[in-house]
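I have placed the structure first, in the form of structure tokens, so that the comments after it can refer back to it.
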Amino acid sequence: MDRVLSEIRKIIDECMTQYLPNVKINDLEDEGAVFYMNAQNGTEFDWFVNDRLPFFMIFYNDEDNLGSAKLALNSNGEVQLFLYDEKGKKLARSITKHPDIDTKNIIKLAAILTREADDKRIWNSNIENINTDINITDHDINEFAGRQKNYAVMKNRMNICNMYAVVSKRITDEGWKVGYMERYEPHSKDDSGWFFAAGSEDDEYLSSPENLTLVMVGVVWQKLDKDIFKYIDMPAGTKLIRISPDEFEKDKNDKEIYMVKREE
10 MDRVLSEIRK
20 IIDECMTQYL
30 PNVKINDLED
40 EGAVFYMNAQ
50 NGTEFDWFVN
60 DRLPFFMIFY
70 NDEDNLGSAK
80 LALNSNGEVQ
90 LFLYDEKGKK
100 LARSITKHPD
110 IDTKNIIKLA
120 AILTREADDK
130 RIWNSNIENI
140 NTDINITDHD
150 INEFAGRQKN
160 YAVMKNRMNI
170 CNMYAVVSKR
180 ITDEGWKVGY
190 MERYEPHSKD
200 DSGWFFAAGS
210 EDDEYLSSPE
220 NLTLVMVGVV
230 WQKLDKDIFK
240 YIDMPAGTKL
250 IRISPDEFEK
260 DKNDKEIYMV
270 KREE
């Protein structure tokens, strides 16, 4: 097994022994096998967009099949481990470690997992079933690293999702989707500059702070309106209106805003 994966296995085993001593080997799926959870986004996406590998998981062996351990290996070598008690229903411990792992070996592992798991369509598999004990050249690693440019737009959008926007409560409280979106110059590193409104608000409504709220852009996208995502990296000065159930265009003050509520 790859040396980095062996270190991951060691960290999980030691922490579970220390912090979840009540959990026995027969309580866990496949006697505590570590699964590589690459099926949701894939190795490349998580590596280049989220700066980590997909999660490594151990699951309880029962009907709910919830996780007992979830480990994130970040590209900088930091390890974040979450341990869950009560058959996965309670977070028991959150642990951050900085093991002695060379970052070059981590990107090497990312390249190997892309080739030996994703490219072979092996998803959410026991790491013992992935062939990681192979040699790849510096050329292979450099080729993999060069794919970062393919994810630049997505990474920028995901960074914006971690910033805040000003949102009308007609969106958050009344169920309307975004009808008007305008981006101002951000005031801080946590400010996206975005303002989202339903489109029916007048100046009196918007002048009252109680009608506005701060929401992370990612929450607006995931919970309130999926349609905004492909526009959120547009620059300050952008003004857009909804013109159909799922499309926006630049506001030229010559069209009515298409207003629609979220589906329950």
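Be aware that the sequence shown starts at 10, since it is given in the numbering used here, and climbs by one per residue.
Even glycine gets a Cβ: it sits at the ideal position worked out from N, Cα and C.
How about Ile121 and Ile104: do their beta carbons lie closer than 8 Å? Contact flag unset, no.
Do you know offhand how far Glu40's Cα is from Glu273's? So the two alpha carbons sit approximately 41 Å from each other.
May I ask you to report which of helix, strand or coil DSSP gives Arg251? Three-state DSSP puts Arg251 in a strand.
In chain order, which continuous runs of the alpha helix (DSSP H) of length 4 or greater are located wholly inside the region 93 to 179? Here the runs fully enclosed are 112 to 122, 147 to 154 and 161 to 170.
For Ser15, which of helix, strand or coil comes out of DSSP? Of the three classes helix, strand and coil, the one that applies to Ser15 here is helix, per DSSP.
Could you tell me whether the Cβ atoms of Arg61 and Leu29 are closer together than 8 Å? The answer is no: Cβ separation not under 8 Å.
Which residues bound the alpha helix (DSSP H) around Asp234? For Asp234, there is no enclosing alpha helix (DSSP H), as DSSP marks it with neither H nor E.
Is the beta carbon of Asp242 sitting closer than 8 Å to the one on Asn165? Cβ atoms of Asp242 and Asn165: closer than 8 Å.
What span of residues does the beta strand (DSSP E) with Tyr189 cover, start to end? Looking at the DSSP string, the run of the beta strand (DSSP E) that includes Tyr189 is Tyr189 to Arg192.
Closer than 7 Å by C-beta to Lys248: which residues in its own chain qualify, once you throw out the five before and the five after it? Chain order, please. Only Glu191, Lys259 and Asp260 meet the Cβ criterion.
Limits of the unbroken beta strand (DSSP E) element including Leu223: Boundaries of the beta strand (DSSP E) harbouring Leu223: Leu221 to Met225, taken from the DSSP string.
DSSP three-state assignment for Leu29, whether helix, strand or coil: DSSP places Leu29 in coil when its eight states are reduced to three.
DSSP three-state call for Val88: helix, strand or coil? When DSSP states are grouped into helix, strand and coil, Val88 belongs to the strand group.
With a Cβ-Cβ cutoff of 8 Å, do Leu90 and Lys113 count as a contact? The answer is no: Cβ separation not under 8 Å.
Exposed or buried, what is Ser217 when buried is set at 16 or more other beta-carbons lying within 10 Å of its beta-carbon? Taking all protein chains shown into account, Ser217 has fewer than 16 neighbouring C-beta atoms within 10 Å of its C-beta and is therefore exposed.
Leaving out five residues before and five after Val162 in sequence, what residues of the same chain have Cβ atoms less than 8 Å from its Cβ? If we look at Val162 and ignore the five residues flanking it on each side, its Cβ neighbours are Asp242.
Counting Cβ pairs closer than 8 Å, one from the region 175 to 189 and one from the region 204 to 216, do we hit at least three? Verdict: yes, contact present.
Express the C-alpha separation of Gly155 and Asn70 in angstroms, rounding to a whole number. When rounded, the distance between both Cα atoms is 40 Å.
What three-state label does DSSP hand Tyr267 in the structure shown? Collapsing the DSSP output to three states places Tyr267 in coil.
Proximity winner among Leu92, Ser134, Asp111 and Glu23, relative to Val43 (alpha-carbon distances): Measuring from the Cα of Val43, the nearest candidate turns out to be Ser134.
CB contact flag (Leu80, Ile131, <8 Å): Their beta carbons are not under 8 Å apart, which means Leu80 does not touch Ile131 by this criterion.
In this structure, how does DSSP classify Ile67 when only helix, strand and coil are distinguished? Of the three classes helix, strand and coil, the one that applies to Ile67 here is strand, per DSSP.
Can you give the beta carbon distance from Ser84 to Ile115, rounded, assuming they're within the 8 Å contact cut? Correct: roughly 6 Å between the Cβ atoms.
Buried versus exposed call for Thr123 [16 or more other C-beta atoms within 10 Å across all chains shown]: Taking all protein chains shown into account, Thr123 has 16 or more neighbouring C-beta atoms within 10 Å of its C-beta and is therefore buried.
From this set, Asp211, Val224 and Pro195, which residue's C-alpha is nearest Val175's C-alpha? Checking every option, the nearest Cα to that of Val175 belongs to Val224.
Would you tell me roughly how many angstroms separate the C-alpha atoms of Pro254 and Lys129, rounded to the nearest one? Spanning the two alpha carbons is a distance of roughly 38 Å.
Given Lys96 as reference, the closest of Gln49, Met25, Asp199 and Asn74 once Cα atoms are compared: When C-alpha distances from Lys96 are compared across Gln49, Met25, Asp199 and Asn74, the shortest belongs to Asn74.
Per DSSP, the bridge partner or partners of Leu37: Answer by DSSP bridge pairing, in chain order: Tyr69.
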